[in-house]
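The sequence shown lines up with residues 1 to 296 when you count with the UniProt record's numbering.
Even for Gly, the Cβ is constructed at its ideal location relative to N, Cα and C.
Taking it in order: structure first as structure tokens, then the write-up.
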Amino acid sequence: MSAISIYRPEFLGSVRYGYRNDLIFHRNVASWSMKMDSKSPQTMKEEISIQISTPLLLPKSKPSTPNELRFNRPPPGDQELVHKKKLEFGQFVAREAVLDEELWTAAWLRAESHWENRKNERYVDSFKRKFAEQEFNAIKRRCSGLGQSCTCIVTVSKEQKHIKRTVIKSVVATLDMSLRHLMHGETFPGEREKSHVCSINKEIPNKYAYVSNLCVSKAARRQGVASNMLKFAVETARSSGIEQVYVHVHRNNTPARLLYEKIGFEVVEIASSQLLEEQTYLLCINTRKLNNAYWC
1 MSAISIYRPE FLGSVRYGYR NDLIFHRNVA SWSMKMDSKS PQTMKEEISI QISTPLLLPK
61 SKPSTPNELR FNRPPPGDQE LVHKKKLEFG QFVAREAVLD EELWTAAWLR AESHWENRKN
121 ERYVDSFKRK FAEQEFNAIK RRCSGLGQSC TCIVTVSKEQ KHIKRTVIKS VVATLDMSLR
181 HLMHGETFPG EREKSHVCSI NKEIPNKYAY VSNLCVSKAA RRQGVASNML KFAVETARSS
241 GIEQVYVHVH RNNTPARLLY EKIGFEVVEI ASSQLLEEQT YLLCINTRKL NNAYWC
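Below is the structure:
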């Protein structure tokens, strides 16, 4: 079984990976409490689907932070997150990652995804560890960079009495959401014909959000995690004044496309011919068309 696949594009190049498309997610009822605050630049194109099959490997190299990562630490408590936006649903909470250990776990989920179809290759654990370390550093750069902002969103298990979890065991899913501007002349992100002038149009209507790197652990599937985490990202964008949220999906990944359409995403038809060679669709949701009742 596999998870949703999402492309995150770098519009100057093209990199393709395999995809899996047999997982369908179900919607859960959700209650809202929201906030976002982080920063980042553009990202590479990459398709993500996740299945946790091996233990999380801790980094051997020194973390790119002043303090060493502490993987046996508990997840942040409610008091530490009092000013953070979040979405509670079922046994889970979607929110912004606040600890480096959460970022590392998000990176490991993506490493598992990248290598899940090559489990029998030699040195696969070493390759996954290297991939995770590189992705961890990339997430930190994106979420602390200047210019366009990026947020690493995670879904974590709710705190329960008499159950003690470490931070790396509490994170069950993740995605990235970046805030960007259309280039002058563009009508959608990455439009080739109209983006000859490489200058950013910073008028508010041309600012948009882009969702990428959606990963859900095997144990947390079919519990509304993907759909609710996407809703959290969309509502976060809307509360920041963003009118359009974009995402890429492989054309053969029907379950993922149906999930996005159920939430309110629509295929950007004018982008379809440009993306034919890459076999992807660009989808968009207009946050102005959403009503508060839909998200309750």
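Euclidean distance between Cα positions of residue i and residue j
i: Y281; j: V245; result: 14 angstroms
i: G90; j: Y123; result: 38 angstroms
i: S144; j: M183; result: 22 angstroms
i: L69; j: H114; result: 23 angstroms
i: residue 371; j: C150; result: Any answer about residue 371 is impossible in this case: the structure gives the chain only from 1 up to 296.
i: D125; j: T105; result: 15 angstroms
i: L175; j: V247; result: 11 angstroms
i: L283; j: H162; result: 43 angstroms
i: G190; j: F265; result: 18 angstroms
i: Q134; j: R95; result: 23 angstroms
i: A138; j: S170; result: 22 angstroms
i: K45; j: H83; result: The pLDDT assigned to K45 is 39, lower than 50, so where the model puts this residue is not dependable, and the model offers no usable value.
i: I48; j: E278; result: Unreliable placement is indicated for I48, whose pLDDT of 36 sits below 50; the coordinate value is still reported in the next sentence. Between I48 and E278, the C-alpha separation is close to 15 angstroms.
i: T254; j: E261; result: 10 angstroms
i: S178; j: N120; result: 34 angstroms
i: S157; j: S272; result: 38 angstroms
i: D78; j: K164; result: 15 angstroms
Residue of the options minimising C-alpha distance to residue i
i: E243; options: F136, W115, H114 and N206; result: N206
i: V167; options: L275, F71 and C284; result: F71
i: L259; options: Q274, L214 and I139; result: L214
i: K128; options: R142, F136, E112 and V172; result: E112
i: R251; options: L276, V93, Y208 and D78; result: L276
i: A256; options: N120, V216, L87 and W108; result: V216
i: R192; options: A209, L290, R222 and Q274; result: Q274
i: R110; options: V267, S212, M229 and H181; result: S212
i: P75; options: Q160, T287 and E121; result: Q160
Residue i - DSSP class collapsed to helix/strand/coil
i: V234; result: helix
i: I139; result: helix
i: H83; result: coil
i: R95; result: strand
i: T287; result: helix
i: E261; result: helix
i: L103; result: helix
i: K158; result: coil
i: R180; result: strand
i: F89; result: strand
i: N120; result: coil
i: V211; result: strand
i: L109; result: helix
i: E243; result: coil
i: V172; result: strand
i: E133; result: helix
i: T166; result: coil
i: T280; result: strand
Cβ-Cβ separation, residue j to residue i (assumed contact under 8 angstroms), whole Å
i: R73; j: E101; result: 6 angstroms
i: I153; j: A233; result: 6 angstroms
i: K140; j: L103; result: 6 angstroms
i: V98; j: T155; result: Between T155 and V98 the Cβ distance is about 14 angstroms, and since that is not below 8 angstroms, they are no contact.
i: S227; j: I263; result: 6 angstroms
i: A173; j: A209; result: Their Cβ separation, rounded to whole angstroms, is 18 angstroms, which puts A173 and A209 out of contact at 8 angstroms.
Residue i - containing alpha helix (DSSP H), residue span
i: I270; result: E269 to S272
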